[in-house]
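The next block holds one structure in the form of structure tokens; read it before the comments.
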Amino acid sequence: MSVNVISSEDIENYKQMLEKHMADKAADAKHDDYYAGYFDGLKKAIDLAEKLEESKKVVIPRFVADWIEKAKVYYDDEVDPLRIISWMGDYVGGTESQYEWMKNIYNQKLLLNAIVTGYEVEEIEDE
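Counting the sequence shown from 1 gives a position; my numbering is that position plus 4.
So, in structure tokens, the structure goes:
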């Protein structure tokens with residue numbers, strides 16, 4: 005089973021293509037119900053692409069975000085999931101309590117998604 009990952013760059017390129025298509029067709033468009041519906045459809049596609057991009061980010065704990073950022077610095081801002089995971093395996097020793105977080109398979113998937121699609125840092129409420 006293969007999974008196609010749509011990057012933020014792909015989404016942005018798609019949105020730009022739709023916007024260019026709208027601009028190119030606007031001059032030739034007849035002002036009737038057909039073109040009104042056509043342009044409404046294009047606008048809806050752009051809106052959905054923006055929502056897709058927004059919803060891809062996962063929420064991770066601050067310490068995990070710190071690991072990702074340190075790994076990116078180590079690899080000169082290159083976002084290569086396997087290299088980052090390898091670095092974390094070496095950097096985050098088994099004696100650290102936070103290492104337990106990485107042993108959970110769900111958290112491992114979350115970490116990979118964070119590296120590939122972006123992330124937001126979990127907000128901790130003050131008690």
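For each residue, glycine too, the CB sits at the ideal point set by N, CA and C.
DSSP, reduced to helix, strand and coil, places Tyr123 within a strand of the structure shown.
Residue environment for Val62: buried (at least 16 other C-beta atoms within 10 angstroms of its C-beta). If you keep only unbroken alpha helix (DSSP H) runs of at least 4 residues inside the region 18-87, you get 37-59 and 66-78. Per DSSP, the continuous alpha helix (DSSP H) segment holding Glu104 begins and ends at Tyr103 to Lys107. Cα atoms of Glu16 and Met106: separation of roughly 32 angstroms, rounded to the nearest angstrom. Short of 6 angstroms from the beta carbon of Leu22, and not among the five residues preceding or following it, lie these beta carbons of its own chain, in chain order: Leu46, Ala49 and Ile50. Ile128 counts as exposed, since fewer than 16 other beta carbons sit within 10 angstroms of its beta carbon. Minimum Cα-Cα distance from Tyr18 among the listed residues Gln102, Met92, Ile72 and Ala53 corresponds to Ala53. Between Arg66 and Val120, the C-beta spacing is not below 7 angstroms.
Here the C-alpha atom of Gln102 lies approximately 16 angstroms from the C-alpha atom of Glu73.
Cβ neighbours of Phe43 within its own chain (closer than 7 angstroms, five residues either side excluded): Met26. Counting only the Cα atoms, Lys24 lies some 39 angstroms from Gln112.
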